[in-house]
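Going by UniProt numbering, the sequence shown opens with residue 1, and the numbers climb by one from there.
As structure tokens, the structure follows; a few thoughts come after it.
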Amino acid sequence: MWYYEKRSAKKGYEICDATGEKLAWFFGITKPKYYAEIQEYVRMDEEEREAWRQAFQDVEQTSHALDSIR
1 MWYYEKRSAK KGYEICDATG EKLAWFFGIT KPKYYAEIQE YVRMDEEERE AWRQAFQDVE
61 QTSHALDSIR
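Right under this line is the structure:
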């Protein structure tokens, strides 16, 4: 008896899940909720890393210039 109840509950869940996916696809709701915010964070993080790389390269060039003067 429990087997049939568990089986029917699982099938019901699978049907609801599949139906939800198809409705989301139909209405165009397939991207994560905060996709734009995540992309903005990644872009800003990459810009910050590039700024640090540039600053480090400037420090290295200055250091090499000072070493060549000495």
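Ideal Cβ placement from N, Cα and C applies to all residues, glycine included.
Computed from a predicted structure; not experimentally measured.
Checklist entry - Start and end of the alpha helix (DSSP H) containing Gly-28? => result From DSSP, Gly-28 is part of no alpha helix (DSSP H); its letter is neither H nor E.
Checklist entry - DSSP on Lys-33, reduced to helix/strand/coil? => result coil
Checklist entry - Since Ala-24 and Thr-30 are thought to touch, with beta carbons under 8 Å apart, how far apart are those beta carbons, to the nearest angstrom? => result 6 Å
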